[in-house]
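Below is one structure; the comments refer to it alone.
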Amino acid sequence: MLYKEKCVGCGRCKNVDRNDTDFICYHDAREICGEEYSVDEIFEKIICDKRFYETSGGGVTFSGGECMLQSDFLCDILKKCKESGVHTAIDTAGHISWKVFEKILCYTDLFLYDIKAFNNDIHRKYTGVSNELILENLQKLFERGANVCIRIPVISGVNDTVEEMQKIKNFLAPYKPSKIELLPYHGMGEHKYEALGMKNIKFNAPNQNIMTKLNKSNKNQIFYKKN
42 MLYKEKCVGC
52 GRCKNVDRND
62 TDFICYHDAR
72 EICGEEYSVD
82 EIFEKIICDK
92 RFYETSGGGV
102 TFSGGECMLQ
112 SDFLCDILKK
122 CKESGVHTAI
132 DTAGHISWKV
142 FEKILCYTDL
152 FLYDIKAFNN
162 DIHRKYTGVS
172 NELILENLQK
182 LFERGANVCI
192 RIPVISGVND
202 TVEEMQKIKN
212 FLAPYKPSKI
222 ELLPYHGMGE
232 HKYEALGMKN
242 IKFNAPNQNI
252 MTKLNKSNKN
262 QIFYKKN
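Once you know that position 174 of the sequence shown is 215 in my numbering, the rest is easy, because the numbers rise by one and skip nothing.
Right, dumping it as structure tokens:
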């Protein structure tokens, strides 16, 4: 990625291979944001920490972006992890064909599943897509007996109302997810918009009183699946 406001136009990077990860920009205007790996190369990095996973009760989480958009690659690496006894988790927004879920379901121990808004108008306004497919896939995961942790990013003025959370809880109540996490909004990804030349819409984190109220309501009214 290129940060234009940091670039001084020295021209050093013009003659450098764009895949050269050893190149250093002295003004921090150029950042390597991705590398290509094979399934075996990634698995080698994962399996190095197997002893740590075993002693900590942890494992490996695949996220993104949306990791399920690379479903064939993801399925292959999940298989290797399961064959080696490594706990696997998928962090997903759920807006993807159910066929992809079917492909990886038996190799995935835990789904970290985002619900950004239950109100479809709000969801479409802020994400650009309907939440119908997301909720439909979530229902199917529960029906298949998947282990699902619900994650709700809480954004001030968007979805930080008791009414919105109540709708989500009413939807989830019949299924008993393993856990529900309310995650206050943070702006840690703002620099990515800047680097990509995209307009960054500013949001605010909910205040602590709101989070306390929502968390209290959440604990009082959701029935969790027993492990």
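Yeah, the Cβ is synthetic: ideal placement off N, Cα and C, and Gly gets one too.
Please read all numbers here as calculations on a predicted model, not as lab measurements.
- Beta-bridge partners of A130 (DSSP): T102, L151.
- Shortest Cα-Cα distance from L176 to any of S138, D113, G50 involves S138.
- DSSP places E222 within a strand segment (E or B) once states are collapsed to three.
- Using a C-beta cut-off of 8 Å, the region 226 to 234 makes no contact with the region 179 to 190, since fewer than three inter-stretch Cβ pairs fall below that distance.
- Distance from the Cα of E77 is smallest, within the candidate group F114, K120, K166, K181, for F114.
- Annotated three-state conformation of C54 is helix, per DSSP.
- Taking C-beta atoms as the reference points, F142 and I118 fail to come closer than 8 Å.
- By the Cβ neighbour-count rule, M239 is exposed, with fewer than 16 other Cβ atoms within 10 Å of its own.
- According to DSSP, P194 shares a beta bridge with L224.
- DSSP, reduced to helix, strand and coil, places R71 within a strand of the structure shown.
- Between K86 and C116 the beta-carbon gap is near 18 Å, outside 8 Å, which marks them as no contact.
- Bounds of the alpha helix (DSSP H) holding N178 are 173 to 184.
- The region 122 to 129 makes contact with the region 94 to 108: 3 or more CB pairs, one atom from each, lie closer than 8 Å.
- Distance from the CA of G98 to the CA of D90, rounded to the nearest whole angstrom, comes to 12 Å.
- The secondary-structure analysis by DSSP pairs V189 across a beta bridge with F152.
- The C-beta of I221 has 16 or more other C-beta atoms within 10 Å across all chains shown, which makes the residue buried.
- Counting only the Cα atoms, D201 lies some 11 Å from Q207.
- The C-beta distance from F152 to L182 rounds to 6 Å, short enough to meet the 8 Å contact threshold.
- Around the Cβ of V199, a 10 Å sphere holds 16 or more other Cβ atoms; the residue is buried.
- Per DSSP, the continuous alpha helix (DSSP H) segment holding M206 begins and ends at 203 to 213.
- Listed as beta-bridge partners of L43 by DSSP are R71.
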